[in-house]
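Working notes for the structure below.
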Amino acid sequence: MRCIRCQTELTESPFCPGCGCDVTIQKRSWLVSDMYYNHGLEKAEIRDLSGAVDLLVRSLKFNKRNIQARNLLGLVYFEMGEAVAAMSEWIISANLQTSGNIASEYIERLKANANKLDTINLSIKSYNEALSTCRNGHTDTAAIQLKKVLSQNPKLIKGYHLLALIYMKDGEYKKARKILKKASRIDKTNSTTLRFMKEIDEQTGSSGRREFAWPSFGRKPSAQEVQENTPEIFLSDNDVVIQPPAFRESSVLATLINLCFGLAVGAAVVWFLVVPASTQNINQDANEKVVEYSNTMASQSSEITKLKSQISESQETVASATAQIEAATAQVTSYENLLKAYNAYQEENYDSVANVFSNIDSSVLSVDGRMLYDTIYEKVSSYMFDNYKEEGIAAYMNQNYQGAVENLVKAMEIEDGDYHVMDYLANAYRYLGMPDEARAMYQKIVETFPNTRRSENAQSYIDAIDQGTDISVEMKNSGQTADIGSQGNGSTPGDGGDGDAGDGGDGDAGDGGGGNAGNGGGGDAGNGGGGNAGNGGGGNAGNGDTGEGNGGGTPGGGDDTGAGGDDGTGGGNGDDITPNE
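Numbering (the numbering used here), first residue to last: 14 to 594.
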């Protein structure tokens with residue numbers, strides 16, 4: 014015995030030799046624990062397992078380190094079919110005393126017999142399922158499951174009690190008594206077993222004893238019947254003569270009646286005893302098959318669910334790994350392109366820098382990489398803007414509107430305030446059948462260049478889009494615009510129409526539209542073509558007298574054609590050529 018405070022070995026003294034504490038109460042409690050252990054051992058030897066459990070639990074309350082009491086309690090639990098409780102006690106015992114403890118041997122022996130351990134676990138699960146089935150009102154199925162449980166674990170006291178309770182509920186007291194007798198062989202003084210036995214005795218009015226049965230269909234013969242059936246005894250001289258009872262031969266009618274009665278009794282026995290028993294056996298076999306198939310399906314469903322979860326986890330792992338690989342590949346590609354851009358920048362090859370920069374994802378770069386990216390981008394952004402702008406306008410002129418959109422959008426990302434980029438991009442959207450994007454770009458022009466001719470042209474397109482009309486077709490028909498001109502005269506010379514003169518083509522400008530000045534057009538003269546300036550749009554002012562309307566003026570000098578002035582006055586230098594200007 015050791016002190017619970019300092020673990021010093023105690024002597025007969027009431028004080029601990031190590032720490033000096035009073036250990037009188039400790040010694041008394043441990044003595045009481047040993048006393049309860051001895052009584053529990055006696056109970057276990059006579060198979061009073063319930064009493065042994067009660068005493069051993071009390072022993073452990075006084076001394077939880079009583080290894081012998083704990084090991085014995087585990088053995089009693091195991092004998093009662095409760096392997097889980099037994100393993101719990103043995104594991105606690107092994108942790109309290111790691112060396113020289115027989116509980117470790119018990120655990121190893123149980124683990125070594127894996128089949129038995131699996132059978133015990135399966136029987137406990139089946140018992141829980143049977144208990145749940147019984148609570149749901151399916152007592153027949155529960156009884157079949159409990160029979161299977163008891164065949165796997167014949168020492169499970171709780172299983173016997175539940176099966177006996179089902180039989181008692183169904184009024185089958187003989188079967189219940191038989192089951193309880195099996196339980197009493199395991200635990201003789203179990204209170205639940207004794208209580209159920211008493212209930213059966215009260216319901217059947219029998220205490221288990223049987224009276225002498227007279228051989229007359231359960232009825233005790235009367236005194237007259239005994240006297241009539243007793244042979245007559247009398248003396249004849251010196252001999253004792255026993256006269257047998259008189260024999261009466263039955264008639265044919267009585268024989269037939271007896272025969273019919275016997276046949277009827279036999280048929281009744283077959284109908285009421287044999288047929289129900291056979292039907293019950295068939296139903297029982299069917300129920301057992303159903304339970305067996307149900308258990309098999311449940312185990313297979315569990316296995317399928319487990320495999321599906323493993324497959325799902327594997328797929329998630331593969332997807333995560335693939336995403337990481339793709340991210341790493343994108344990062345490596347971005348760094349490689351950044352190095353290429355840096356080398357091209359050092360060589361002042363800005364074309365290569367612009368081409369490589371479009372393939373760099375700046376979001377995956379580190380801080381230093383992003384600084385290098387920003388430095389190069391700041392140096393070449395204007396060059397890239399001009400490059401994207403030129404390629405976009407060239408694609409537009411070649412009617413490659415999709416390519417124009419791609420390049421002009423990139424140019425907008427670099428600088429979003431350039432009118433020509435916005436205007437060409439809006440027109441490209443319009444020709445691609447994307448009115449929402451075109452309207453948004455026209456609206457940006459209106460907001461960026463308010464109160465100008467540019468904003469007025471953009472607003473006219475916005476109004477046309479809102480009304481669902483194609484403004485490009487209408488304006489071509491009225492002679493106001495020529496989106497893509499050809500080399501030659503901007504408009505056919507002749508008498509001017511009532512509208513404004515059209516813009517010149519992109520080739521060498523010829524004589525501007527609008528007619529001779531003698532019959533001048535009704536509006537302002539249009540802008541000249543985009544090539545080498547010829548005679549300005551709006552008619553030659555020297556070839557006739559000034560008309561009544563706003564006639565053509567003398568063209569401006571230079572490559573850009575000047576806009577016509579009012580009332581024959583000369584025009585100044587024009588703006589750059591744009592589709593809508």
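All C-beta atoms in this analysis are idealised placements derived from N, C-alpha and C, irrespective of residue type, glycine included. The model shown is predicted, which means the values in this text are computed figures rather than measured ones.
- Contact holds between the segment 91 to 102 and the segment 163 to 172, because three or more Cβ pairs, one in each stretch, are under 8 Å apart.
- If one requires a minimum length of 4 residues, the alpha helix (DSSP H) runs lying completely within the segment 420 to 454 are 432 to 444, in chain order.
- The residue from Met435, Ile427, Gly430 with its alpha-carbon nearest to that of Val418 is Met435.
- Counted as a single uninterrupted DSSP element, the alpha helix (DSSP H) harbouring Ile115 occupies residues 115 to 125.
- Annotation: Met425 to Phe462 spans about 16 Å, alpha carbon to alpha carbon.
- When DSSP states are grouped into helix, strand and coil, Met210 belongs to the helix group.
- Annotation for Met410: the continuous alpha helix (DSSP H) segment containing it runs 380 to 410.
- The straight-line gap separating the alpha-carbon atoms of Ala343 and Asn411 is approximately 34 Å.
- The DSSP-derived three-state label of Lys321 is helix.
- When secondary structure is reduced to three states using DSSP, Ser264 falls in the coil class, being assigned neither helix nor strand.
- By the C-beta density criterion, Ala82 is buried, having at least 16 other C-beta atoms within 10 angstroms.
- In the structure shown, the three-state DSSP call for Lys201 is coil.
- Under the DSSP assignment, Thr152 falls in the alpha helix (DSSP H) whose first and last residues are 152 to 165.
- Rounded to whole angstroms, the separation of the alpha carbons of Glu339 and Glu428 is 31 Å.
- Linking Ala189 to Glu215 through their CA atoms gives a straight-line distance of about 13 Å.
- Given a length threshold of 4 residues, each whole run of the alpha helix (DSSP H) inside the segment 167 to 202 is given here in chain order: 170 to 182, 186 to 199.
- Approximately 13 Å separates the beta-carbon atoms of Lys138 and Leu130; this is outside 8 Å, ruling out the contact.
- In its chain, beyond the 5 residues on either side, no residue has a beta carbon closer than 6 Å to the beta carbon of Met310.
- CA-to-CA, the gap between Ser468 and Ile458 works out to about 6 Å.
- Gly446 counts as exposed, since fewer than 16 other C-beta atoms from the protein chains shown sit within 10 angstroms of its C-beta.
- In this structure, DSSP gives Asp374 a state outside helix and strand, which the three-state scheme calls coil.
- When the Cα atoms are used, Ala127 and Ala65 turn out to be separated by approximately 28 Å.
- For Ile59, the three-state secondary structure derived from DSSP is coil.
- For Gln216, the secondary structure class from DSSP, reduced to helix, strand or coil, is helix.
- Counting every other CB atom within 10 Å of its CB across the protein chains shown gives Phe285 a total below 16, marking it as exposed.
- Annotation: the continuous alpha helix (DSSP H) that includes Phe91 extends over 80 to 92.
- Close CB contacts of Ala143 within its chain, under the 6 Å cut and outside five residues either way in sequence, are with Ala155, Gln158, Leu159 (chain order).
- Straight across, the Cα-Cα distance linking Val162 with Tyr140 is about 6 Å.
- Of the residues assessed, Asn296 falls on the exposed side of the cut-off, its CB having fewer than 16 other CB atoms within 10 angstroms.
- Within the same chain, Ala189 come within 6 Å of Met181 by CB-CB distance, once the 5 residues on both sides are set aside.
- Under the 8 Å Cβ criterion, the segment 346 to 363 does not count as touching the segment 315 to 334, having fewer than three qualifying pairs.
- The continuous alpha helix (DSSP H) containing Gln480 extends over residues 466 to 480.
- Tyr390 and Asn470 have their C-alpha atoms some 34 Å from each other.
- Within a 10 Å sphere around the beta-carbon of Phe274 sit fewer than 16 other beta-carbons, which makes this residue exposed.
- For Thr206 and Ser264, the gap between their C-alpha atoms comes out near 58 Å.
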